[in-house]
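A short worksheet on the structure shown next.
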Amino acid sequence: MKATEKEGLARKVICDHDCLLENLRSLDHSLENIFYYGEVCSDMRGFGNLRQRCEELRQVLLKHIPEGEQMFAEVPQGRTACRLLPELVEDHRVMLRALEQSLKSLEALQNGQLIPEDLFSLQEQVRNFSARLQTHIRVVNQQVLPEIEAT
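According to my numbering, the sequence shown is numbered sequentially starting from 23.
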């Protein structure tokens with residue numbers, strides 16, 4: 023791949039990361055609207071918004087994953103970042119599965135199939151997803167992108 027193509031791909035990945043981080047902030051806000059001081063709001067407001075945020079994140083991830091993995095393939099052999107790539111690829115799969123599971127749980131909630139204890143599990147699941155995605159983005163931005171930009 024030519025240098026200008028690599029730069030364009032890196033810019034797309036950076037843009038995707040910015041979009042994902044913005045969506046995570048919106049997701050966190052939606053989560054705060056549902057859970058107040060460790061308890062579920064009595065009127066159950068905000069679950070539709072949370073589901074929408076999860077779906078938006080899923081769509082961005084589906085678009086981002088092929089671009090990110092194409093960029094990973096451009097990391098020159100022997101670079102320090104190469105050892106991180108298998109884990110970063112696996113992160114993509116794990117995060118997508120976590121989002122899909124959250125969406126299934128939110129659908130079950132809307133159908134009245136979840137009990138309050140399940141809601142706290144859902145909250146933890148969404149927070150774990152958010153933390154993992156933030157860590158993934160930080161690692162890519164700090165350790166992989168510089169390797170691409172150096173070539």
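All C-beta atoms in this analysis are idealised placements derived from N, C-alpha and C, irrespective of residue type, glycine included.
- Task: For R154, I'd like the list of residues in its chain whose CB is within less than 8 angstroms of its CB, leaving aside the five on either flank, ordered along the chain.
- Result: Along the sequence shown, read from residue 1 onward, the residue named residue 154 stands at position 132. These residues qualify, in order along the chain: D113, V116, M117 and A120.
- Message: Looking at V82: is its Cβ nearer than 8 angstroms to the Cβ of N45?
- Response: For the purposes of this step, residue 82 is taken as the residue at position 60 of the sequence shown. For the purposes of this step, residue 45 is taken as the residue at position 23 of the sequence shown. Against a cut-off of 8 angstroms, the Cβ pair of N45 and V82 comes out as a contact.
- Query: Whose C-alpha, out of L42, F69 and H39, is nearest the C-alpha of S52?
  - Reply: As a working note, residue 52 is residue 30 in the sequence shown. If we check each option's Cα against that of S52, F69 comes out closest.
- Is C37 buried or exposed, if buried means 16 or more other CB atoms sit within 10 Å of its CB? Here the question's residue 37 lines up with position 15 in the sequence shown. The residue in question, C37, is exposed, as its Cβ has fewer than 16 Cβ neighbours within 10 Å.
- Message: With H, G and I counted as helix, E and B as strand and the rest as coil, what does DSSP make of Q135?
- Response: As a position in the sequence shown, residue 135 is number 113, starting the count at 1. Residue state, collapsed to three classes: coil.
- Item | Proximity of R73 and L128 at Cβ, strictly below 8 angstroms | Here residue 73 refers to the residue found at position 51 when the sequence shown is read from its first residue. Here residue 128 refers to the residue found at position 106 when the sequence shown is read from its first residue. In contact: R73 and L128 (Cβ atoms closer than 8 angstroms).
- Would you kindly report the start and end of the unbroken alpha helix (DSSP H) that includes L106? As a first step, residue 106 is located in the sequence shown; it is residue number 84 there, counting from the start. In the DSSP assignment, L106 falls outside any alpha helix (DSSP H) and carries neither an H nor an E.
- Query: In chain order, what residues of the same chain lie with their CB nearer than 8 angstroms to the CB of S124, ignoring the 5 residues before and after it?
  - Reply: Counting from one through the sequence shown, the residue named residue 124 turns up at place 102. Annotation for S124: C76, L144, Q147, V148 and F151 place their beta carbon closer than 8 angstroms to its own, counting only its chain and skipping 5 residues before and after.
- Message: Would E122 and K34 be called neighbours here (beta carbons separated by less than 8 angstroms)?
- Response: As a working mapping, residue 122 is identified with position 100 in the sequence shown. As a working mapping, residue 34 is identified with position 12 in the sequence shown. In this structure, K34 does not lie closer than 8 angstroms to E122 by Cβ.
- Task: Can you give me the Cβ contacts of Y59 inside the same chain, cut-off strictly under 7 angstroms, excluding the 5 residues immediately before and after it?
- Result: As a first step, residue 59 is located in the sequence shown; it is residue number 37 there, counting from the start. Since pLDDT at Y59 reaches only 46, below the 50 mark, its modelled position is unreliable, and no value is offered.
- For Q99, does the three-state DSSP call read helix, strand or coil? The count along the sequence shown starts at 1 and reaches residue 99 at position 77. Of the three classes helix, strand and coil, the one that applies to Q99 here is coil, per DSSP.
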